[in-house]
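K.L.:
Residue 351 in numbering that gives the first Met the number 0 sits at position 352 of the sequence shown, with consecutive numbering throughout.
Below you will find the structure I want to go over with you.
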Amino acid sequence: MLQTLVWGQDTGQSFTLAQAIDFAVKNAYTVTNANTDIEIARKKVAEVRGAGIPQLNAEASFQNFLQVPVSLIQADAFYPSAPKDTYLRLPFGIKYNLSYGYTASWLLFNGEYLVGLQASRSYVDHTKNSLRKSEVEVKESVTKAYYTILILKENQRILTESVQTLDKTLSETEAIYKEGFIEEMDIDRLRLLKTNLSTTLQTLEQQTVLAEKYLKFQMGYEVDKPMTLSDSFDAVLAGAAVENNQELKFDFNASADYQILSSGLKLQELNRKRLMANYLPTLSTFYTWKENRVGNQFDKLTDPNFRVSGGNIFGLNLSVPLFQGLSQRARIQQANLELKKFKTTQTQALQGYSLQSAQALTEYKAALNSFKNNSESVDLAKKIKEKANTKYREGVGSSLELMQSENDLLSAQSNYINSAAQLLNARVLLDKQLNKF
Numbered sequence: 000m001l002q003t004l005v006w007g008q009d010t011g012q013s014f015t016l017a018q019a020i021d022f023a024v025k026n027a028y029t030v031t032n033a034n035t036d037i038e039i040a041r042k043k044v045a046e047v048r049g050a051g052i053p054q055l056n057a058e059a060s061f062q063n064f065l066q067v068p069v070s071l072i073q074a075d076a077f078y079p080s081a082p083k084d085t086y087l088r089l090p091f092g093i094k095y096n097l098s099y100g101y102t103a104s105w106l107l108f109n110g111e112y113l114v115g116l117q118a119s120r121s122y123v124d125h126t127k128n129s130l131r132k133s134e135v136e137v138k139e140s141v142t143k144a145y146y147t148i149l150i151l152k153e154n155q156r157i158l159t160e161s162v163q164t165l166d167k168t169l170s171e172t173e174a175i176y177k178e179g180f181i182e183e184m185d186i187d188r189l190r191l192l193k194t195n196l197s198t199t200l201q202t203l204e205q206q207t208v209l210a211e212k213y214l215k216f217q218m219g220y221e222v223d224k225p226m227t228l229s230d231s232f233d234a235v236l237a238g239a240a241v242e243n244n245q246e247l248k249f250d251f252n253a254s255a256d257y258q259i260l261s262s263g264l265k266l267q268e269l270n271r272k273r274l275m276a277n278y279l280p281t282l283s284t285f286y287t288w289k290e291n292r293v294g295n296q297f298d299k300l301t302d303p304n305f306r307v308s309g310g311n312i313f314g315l316n317l318s319v320p321l322f323q324g325l326s327q328r329a330r331i332q333q334a335n336l337e338l339k340k341f342k343t344t345q346t347q348a349l350q351g352y353s354l355q356s357a358q359a360l361t362e363y364k365a366a367l368n369s370f371k372n373n374s375e376s377v378d379l380a381k382k383i384k385e386k387a388n389t390k391y392r393e394g395v396g397s398s399l400e401l402m403q404s405e406n407d408l409l410s411a412q413s414n415y416i417n418s419a420a421q422l423l424n425a426r427v428l429l430d431k432q433l434n435k436f
């Protein structure tokens with residue numbers, strides 16, 4: 000039963016289950032996105048940290064008055080002898096104005112900023128835990144997909160052998176029919192059985208093609224690129240059927256789900272801390288330097304004599320929240336309730352893990368027992384079929400008895416394949432609960 004499974008003319012790259020899992024951990028789409036999320040979280044830390052680094056901004060402004068504003072002023076204000084109701088047109092403004100300078104600022108203390116920096120770092124840890132969970136899920140899905148292909152191929156092998164055996168039996172039966180010892184109906188029964196098996200075999204082949212593509216997709220492998228599975232059905236089945244008589248240790252604290260819940264709880268606590276930090280004062284410092292130049296001729300802007308103003312300013316800004324209504328208090332209360340709810344979710348997850356672990360162990364033991372029984376049933380059905388064939392060839396057995404033995408063997412083999420699939424899937428779930436992925 001040991002065999003290498005190949006599809007396509009070009010066998011492509013060969014994978015054991017361990018190699019397929021390793022490839023998927025490096026190339027699966029969900030894992031790739033999870034790694035990208037970690038990089039995004041790290042950039043977020045840099046973004047938050049940047050708010051606490053001194054800021055420097057430069058600015059400049061240039062104005063060209065195409066038409067200088069003019070005001071009317073009574074002439075007698077300057078010339079007492081001037082007639083009343085006589086006005087002077089005086090320009091108010093200078094044609095060219097240039098101002099430039101820079102401002103430096105530094106956030107010295109802000110509670111929300113400090114907590115936000117902590118939260119951004121904790122979020123990096125949270126994304127790392129999400130990566131681990133993605134890896135566990137990918138390992139589980141790849142293992143199941145790998146097993147599915149092996150099961151389909153093994154089922155094909157069994158049915159192919161059955162068709163070949165039926166061909167031989169059909170030839171012998173046709174020879175007996177020609178001698179007049181049996182009816183044509185006996186041959187028709189065998190032909191019908193062969194047709195049904197051939198149809199089932201074709202369906203299995205189509206399912207295998209889809210299963211292969213699904214495995215490649217889960218691995219992050221090109222779905223149309225050839226690939227070979229090098230682990231055999233017997234080998235993986237033998238590994239899954241090994242009973243561990245030692246006491247199994249189910250450790251929720253070591254699971255990816257627990258790590259995500261723990262980091263999520265920390266983020267919830269930091270969110271509450273951030274809201275409470277809004278009651279703390281904010282202190283910042285700044286320094287400003289600015290200069291203005293004016294002139295009615297453009298080249299005068301570079302003349303130091305036309306520097307009309309400038310200045311250096313250093314200062315501190317202190318903001319102390321005294322009363323913010325009741326909205327801030329309500330937000331903190333909401334955060335407390337969210338934290339309480341999250342802790343309840345964590346407790347629920349722990350109880351759920353215990354239940355799932357017990358269920359996984361029970362289902363594995365039941366699947367293993369069913370597999371052993373069905374393996375024995377296949378051996379027994381083969382013995383019965385051999386005896387029925389012998390009796391039929393010797394003329395002491397009926398075609399109905401032969402058909403019944405053939406159907407019993409096919410049924411036993413089908414139950415064997417189904418129980419093998421249940422055993423492999425149960426082993427995957429058990430290994431997941433044991434944190435072996």
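For every residue, glycine included, the Cβ atom is placed at its ideal position computed from N, Cα and C.
Return the first residue and the last residue of the alpha helix (DSSP H) that I312 is part of.
P.N.:
Here I312 belongs to no alpha helix (DSSP H); instead the beta strand (DSSP E) covers R306 to S318.
K.L.:
Check for me: the alpha helix (DSSP H) holding L437 runs from which residue to which?
P.N.:
No answer is possible for residue 437: it lies beyond the span of the chain, which begins at 0 and ends at 436.
K.L.:
Going by the beta-carbon positions, is the gap between Y99 and K299 smaller than 9 Å?
P.N.:
The answer is no: Cβ separation not under 9 Å.
K.L.:
For the alpha helix (DSSP H) containing G11, name the first residue and the last one.
P.N.:
From DSSP, G11 is part of no alpha helix (DSSP H); its letter is neither H nor E.
K.L.:
Below 8 Å on the Cβ atoms is my contact criterion, and I expect A240 with F370 to pass it. Report the Cβ-Cβ distance as a whole number of Å.
P.N.:
Between the beta-carbon of A240 and that of F370 there is about 7 Å, and that keeps the pair under the 8 Å contact cut.
K.L.:
Skipping 5 residues on each side, what residues in its chain have a beta carbon closer than 7 Å to that of M218?
P.N.:
A19, F22, A23, N26, A27 and V141.
K.L.:
Where L422 and E134 are concerned, what is the direct C-alpha to C-alpha distance, given to the nearest angstrom?
P.N.:
23 Å
K.L.:
Looking at the strands, I want to know which residues DSSP matches up with F61.
P.N.:
The beta-bridge partner set that DSSP reports for F61 consists of L97.
K.L.:
State the DSSP-derived secondary structure class of T15, mapped to helix, strand or coil.
P.N.:
In the three-state DSSP reduction, T15 falls in the coil class, being neither helix nor strand.
K.L.:
If you run the structure through DSSP and keep just helix, strand and coil, what is I181?
P.N.:
coil
K.L.:
When we look at the beta-carbon of Y78 and count the other beta-carbons within 10 Å, is it buried (16 or more) or exposed?
P.N.:
exposed
K.L.:
For D230, count neighbouring C-beta atoms within 10 Å of its own C-beta (all shown protein chains included) and say buried if the count is 16 or more, exposed if not.
P.N.:
buried
K.L.:
Would the segment 361-377 count as touching the segment 406-414 if we require 3 or more Cβ pairs under 8 Å?
P.N.:
yes
K.L.:
Using a Cβ-Cβ cut-off of 6 Å (strictly less than) and excluding sequence neighbours within five positions of W6, which residues of its own chain qualify?
P.N.:
Residue confidence for W6 is low, a pLDDT of 43 falling below 50, so the modelled location carries little weight; the figure read from the coordinates is stated next. For W6, where only same-chain residues beyond five positions count, the Cβ hits under 6 Å are E211.
K.L.:
Give me, in chain order, the residues of the same chain whose beta-carbon lies closer than 6 Å to that of N96; leave out the 5 immediate sequence neighbours on both sides.
P.N.:
When the five nearest sequence neighbours on each side are left out, the beta carbons in the same chain lying within less than 6 Å of the beta carbon of N96 are those of Q62 and V293, in order along the chain.
K.L.:
Does the Cβ of P280 have 16 or more other Cβ atoms within 10 Å, making it buried, or fewer, making it exposed?
P.N.:
exposed
K.L.:
Would you list the residues sitting across from R88 in a DSSP beta bridge?
P.N.:
L71
K.L.:
Would you mind reading off the limits of the beta strand (DSSP E) that contains T281?
P.N.:
T281 to G294
K.L.:
Could you tell me which residues DSSP pairs with L325 in its beta bridges?
P.N.:
Looking at the DSSP assignment, L325 forms a beta bridge with Q323.
K.L.:
Thinking C-beta only, is Q258 closer than 9 Å to N388?
P.N.:
no
K.L.:
I'd like the span of the beta strand (DSSP E) that includes T29, first residue to last.
P.N.:
From DSSP, T29 is part of no beta strand (DSSP E) but of the alpha helix (DSSP H) over Y28 to G49.
K.L.:
Going by other Cβ atoms of all chains shown within 10 Å of its Cβ, with 16 needed for buried, is K224 buried or exposed?
P.N.:
exposed
K.L.:
Run the CB neighbour count on Y86, radius 10 Å, all protein chains shown included, and call it buried at 16 or more, exposed below.
P.N.:
Label assigned to Y86: exposed.
K.L.:
Quick check: what's the CA-CA separation for H125 versus Y415?
P.N.:
44 Å
K.L.:
Quick one: what's got a C-beta closer than 6 Å to D75's C-beta in the same chain, skipping five residues either side?
P.N.:
A81
K.L.:
Excluding five sequence neighbours on each side, which residues of the same chain lie with their C-beta closer than 7 Å to the C-beta of G461?
P.N.:
Absent from the model: residue 461. The displayed extent of the chain is 0 to 436, so no value can be given.
K.L.:
Given a threshold of 16 other Cβ atoms within 10 Å of its Cβ, counted over all protein chains shown, does S318 qualify as buried or as exposed?
P.N.:
exposed
K.L.:
Going by the CB atoms, is the gap between S121 and K43 shorter than 9 Å?
P.N.:
no
K.L.:
Quick check on the DSSP output: the beta strand (DSSP E) that includes L274 runs from which residue to which?
P.N.:
Careful: L274 lies outside any beta strand (DSSP E), inside the alpha helix (DSSP H) at A255 to A276.
K.L.:
Which runs of the alpha helix (DSSP H), 4 residues or longer, sit entirely within the segment 145-196?
P.N.:
Taken in chain order, the whole alpha helix (DSSP H) runs of length 4 or more contained in the segment 145-196 number zero.
K.L.:
Would you tell me roughly how many angstroms separate the C-alpha atoms of T35 and A45, rounded to the nearest one?
P.N.:
16 Å
K.L.:
Could you have a look at L107 and say whether DSSP puts it in helix, strand or coil?
P.N.:
strand
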